[in-house]
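Under UniProt numbering, the first residue of the sequence shown carries the number 1, and numbering increases by one thereafter.
Beneath this line is the structure, given in C-alpha cells, with notes to follow.
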Amino acid sequence: MEILRLAQSKRNIISLNMDLERDMQRIDEANQELLLKIQEREDEIQRLESEVTQTGDLAEDEEWEKENCTTMERETALQEMEEETARLERKNETLVHSITELHRKLTRKSQKKTKYEQNNLDGTPEESKAKLQQLEASCVDQEKELAKVMEDYAFVAQLCEDQALCIKKYQETLRKIEEELETRFLEREV
C-alpha cells in the first residue's frame, strides 16, 4: 500500500513538473515577445531623437546661441567682478597693515616724546607750555591722520561688502539662467 502511495506521489510530482515546464515555456515566450516590443520601442525612440536632432528649428538654434553668448558675457563680467573684489581685498589688507604700522609709529613717537619731555622738565614754564602746545598739535595731527586712514579703511571694507553682495546676486542670476537654458535644451531634445 505504501508503494502505491509513493507511486501516486511520483506521478503527481511528474505531472506538476510537466505543468511547471509548460508554464515556464509560456513565460519564456511572453518574455521574448516583451523583449521584442521593448526593442521596437527603443528603436522608435532613437528614430524620433534622430529626427528631432536633424530637424531642429533654426530659430531655436539662434536663440540658444544668443543665450549662450549672453551667458558667456555674464561669466566674463562675473570674472571681472571677482578680480575687482580680489583687488579690493588686497587694498583692504594693505590699509589694515598701514593702520597697524601707523598705530605702532604713533605709539612709539608718543613714548619718545614723553621721555624727551620728561628729560627737559628743567626748562622754564613758558618753554614747557610751548612744548606742550606743540605736542598737543602733533597729537591732533596724528589723530586726524589716523581718522583719515580709518575712514579709508571703512570705505574700502564697505566696497568689498558691496562687491561681495553684487557677486552673490550675479551668481544667483547666472545660476537661474543656466537652469533655464538647460531646461530649454532638454525640452528641445525631447
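Just so you know, even glycine gets a beta-carbon here, dropped at the ideal spot from N, CA and C.
Quick one: Cα of residue i to Cα of residue j, how far?
i      : j      : result
Glu182 : Arg188 : 10 Å
Ile14  : Leu186 : 57 Å
Arg22  : Glu29  : 11 Å
Lys10  : Glu42  : 47 Å
Glu180 : Cys69  : 14 Å
Glu2   : Asn12  : 15 Å
Ala154 : Ala137 : 25 Å
Arg5   : Met24  : 28 Å
Arg26  : Ile45  : 28 Å
Lys176 : Leu48  : 30 Å
Lys105 : Ala130 : 23 Å
Glu40  : Arg184 : 28 Å
Ser98  : Lys168 : 29 Å
Glu73  : Glu62  : 16 Å
Glu161 : Ala86  : 12 Å
If you follow the alpha helix (DSSP H) that residue i is part of, which residue opens it and which one closes it?
i      : result
Met150 : Pro125 to Glu189
Below 8 Å on the Cβ atoms is my guess for residue i versus residue j; work out the distance and round it to an integer in Å.
i      : j      : result
Cys139 : Met81  : The pair is not a contact, with the Cβ atoms about 42 Å apart (cut-off 8 Å).
Val156 : Leu88  : 6 Å
Gln171 : Leu36  : Not confirmed; about 50 Å, so no contact.
Glu84  : Gln158 : That pair is no contact at about 14 Å.
Leu174 : Glu65  : Actually they are not in contact, since the Cβ atoms of Leu174 and Glu65 sit about 18 Å apart, beyond 8 Å.
Asp152 : Leu95  : 6 Å
Thr71  : Glu178 : 7 Å
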